[in-house]
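Visitor: 0 is the number of the first residue of the sequence shown in numbering that gives the first Met the number 0; add one for each residue after it.
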Amino acid sequence: MTTSSFTKKMLGRETAESTASPMPLNGPTTFLKKPKIAPSKSRKRDIPEGLWTKCRKCSVMLYDKELDENLKVCQHCNFHFEIGARERIHSLVETCSFQEMDADMTSVDILRFTGVSSYASKLEAYQKSTGLKDAVITGIGKIHNYRVALGVMDFSFLGGSMGSVVGEKLTRLIEAGTDKGLPVIIISSSGGARMYEGMCSLMQMAKTCGALAYHAKNKLPFISVLTHPTTAGVMASFASVGDLIIAEPEAMIGFAGPRVIKDTTQAELPPGFQTAEFLVEHGLIDAIVHRKEMKERLSYYLSYMTEGQRQIASLG
Ligand SMILES: [Zn+2]
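#1: Cutting at 7 Å between CB atoms, please list the residues of its own chain near R87, excluding the five before and the five after it.
#2: Tell me which same chain residues have a C-beta within less than 6 Å of the C-beta of Y213, skipping the five on either side of it?
#3: DSSP three-state label for T137, please.
#4: Jot down the residue ranges of each uninterrupted beta strand (DSSP E) in the stretch 104 to 153, minimum 3 residues, whole runs only, in chain order.
#5: Pull every residue with its beta-carbon under 5 Å away from any heavy atom of ligand 1, and keep them in chain order.
#6: What's the C-alpha gap between L201 and R193?
#7: Using DSSP with H/G/I as helix, E/B as strand and the rest coil, what is H281?
#8: Would you tell me roughly how many angstroms separate the C-alpha atoms of L314 and A231, rounded to the nearest one?
#9: For H79, write down the residues that DSSP places opposite it in a beta bridge.
#10: Leaving out the 5 sequence neighbours to the left and right, which residues in its chain are closer than 8 Å to R55 when beta-carbon positions are compared?
#11: What are the boundary residues of the beta strand (DSSP E) that K53 is part of?
#12: For T207 versus S236, is the C-beta spacing smaller than 8 Å?
#13: For T94, does the three-state DSSP call read helix, strand or coil?
#14: Have a look at L219 and S96 and give me their C-alpha separation to the nearest angstrom.
#15: Rounded to a whole number of angstroms, what is the C-alpha to C-alpha distance between T264 and Q98?
#16: A192 bridges to which residues according to DSSP?
#17: Out of curiosity, what's the CA-to-CA distance linking E174 and E267?
#18: Starting from T263, follow the beta strand (DSSP E) in both directions and report where the run begins and ends.
#19: Is it right to say D153 is buried, meaning 16 or more other beta carbons lie within 10 angstroms of its own, or is it exposed?
#20: Measuring CB atoms only, is the stretch 112 to 127 touching the stretch 56 to 66, in the sense that at least three cross pairs come out at less than 8 Å?
#21: Given 8 Å as the limit, is there contact between the stretch 136 to 143 and the stretch 106 to 114, that is, 3 or more CB pairs closer than that?
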């Protein structure tokens, strides 16, 4: 076979192939090299950003990127997934307005607690996996035109548990709010007090509430936002003493878990027990606010709650 006939033959094959195949026309060289790698290459490229999450309520597969853009809320059934503290702050405050406080404060293993693994090693592992120093981020930022002292808990750090650092950071935040005459907003999601710190973590319940009492004495508002789940020592302290208490839809809110209560009281629990919806009906919570409306609603509440201060300021 001569070179020319070879080329002709190949060209012929190429033409036949390309008309029959849905692939676009290419030169002979490209055809010869046309590996099936091309589509798989692009699929490989897509995989890292194309992860999917199954909705825990409606079971629809959700594209992670869309889920992130939707503030971790299912577009189909409005199920609110857990959201990280940094993402939450980003969704609420004006760009570049947030000044974080006590960013480097870290827990100390006072009790030298050792269970399956030591508390010290757990702290290190969670710091690595979450990029956080502890379970809360605090700071001063602006929601529309309102400067606020904002604390946001992160459930992904040891179940959002409140140890000495969470308690101390929140107390300092509340005190800064009192000093500067700012409203305080705390967004909770927590499994309660951090058992690895024993009584030191339980003391944080009284400490945070004490700071809030001084804040209230200065006639400054505190808005408590409860997200899924807010339970135990956190619910039994600062989270339940807001001037206004709001919650995200279907958030589980309570002190002990339903099974413990059922076993203790030996009674059937009413349907929807310990959900935000149940607690609104029974008067513990003032309103349920969808995550995507949170910023607007907080700003609306702040406008209402700080009206008196603005009037005093304008008179002075
Ligand atoms: Zn869903």
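The C-beta atom is built at its ideal place from N, Cα and C for all residues, glycine as well.
Guide: Let me spell this out:
#1: Residue mapping note: residue 87 aligns to position 88 of the sequence shown, counting from 1. If we look at R87 and ignore the five residues flanking it on each side, its Cβ neighbours are V151, I186.
#2: Working through the sequence shown from its first residue, we reach residue 213 at position 214. The answer, listed in chain order, is T177.
#3: One-based indexing of the sequence shown puts residue 137 at position 138. Strand at T137.
#4: 135 to 142, 145 to 152
#5: C54, K56, C57, C73, H75, C76, F78
#6: As a first step, residue 201 must be located in the sequence shown, where it is residue number 202. As a first step, residue 193 must be located in the sequence shown, where it is residue number 194. Their Cα atoms are separated by approximately 8 Å.
#7: For the purposes of this step, residue 281 is taken as residue 282 along the sequence shown, with counting starting at 1. Residue state, collapsed to three classes: coil.
#8: Position 315 of the sequence shown, counted from the start, is the residue given in the question as residue 314. Position 232 of the sequence shown, counted from the start, is the residue given in the question as residue 231. Going from the Cα of L314 to the Cα of A231 covers about 44 Å.
#9: For the purposes of this step, residue 79 is taken as the residue at position 80 of the sequence shown. Paired residues: V72.
#10: Numbered from its first residue, the sequence shown carries residue 55 at position 56. These residues qualify, in order along the chain: F78, F80.
#11: Reading the sequence shown from its first residue, position 54 is the one you call residue 53. Unbroken beta strand (DSSP E) run through K53: 51 to 53.
#12: Taking the sequence shown and counting its residues from 1, one reaches residue 207 at position 208. Taking the sequence shown and counting its residues from 1, one reaches residue 236 at position 237. Yes, the pair counts as a contact, with Cβ atoms nearer than the cut-off.
#13: To locate residue 94, count along the sequence shown from 1; it is residue 95. In this structure, T94 counts as coil in the three-state DSSP scheme.
#14: Counting from one through the sequence shown, the residue named residue 219 turns up at place 220. Counting from one through the sequence shown, the residue named residue 96 turns up at place 97. Each residue's alpha carbon lies about 21 Å from the other.
#15: Translated into the one-based positions of the sequence shown, residue 264 becomes position 265. Translated into the one-based positions of the sequence shown, residue 98 becomes position 99. Near 46 Å, if we compare the C-alpha coordinates of Q98 and T264.
#16: Numbered from its first residue, the sequence shown carries residue 192 at position 193. DSSP, once it has assigned bridges, lists M161 as partnering A192.
#17: Taking the sequence shown and counting its residues from 1, one reaches residue 174 at position 175. Taking the sequence shown and counting its residues from 1, one reaches residue 267 at position 268. For E174 and E267, the distance between alpha carbons rounds to 43 Å.
#18: Reading the sequence shown from its first residue, position 264 is the one you call residue 263. Per DSSP, T263 belongs to no beta strand (DSSP E); it is in the alpha helix (DSSP H), 257 to 264.
#19: For this step, residue 153 is matched to residue 154 along the sequence shown. It counts as buried.
#20: no
#21: no
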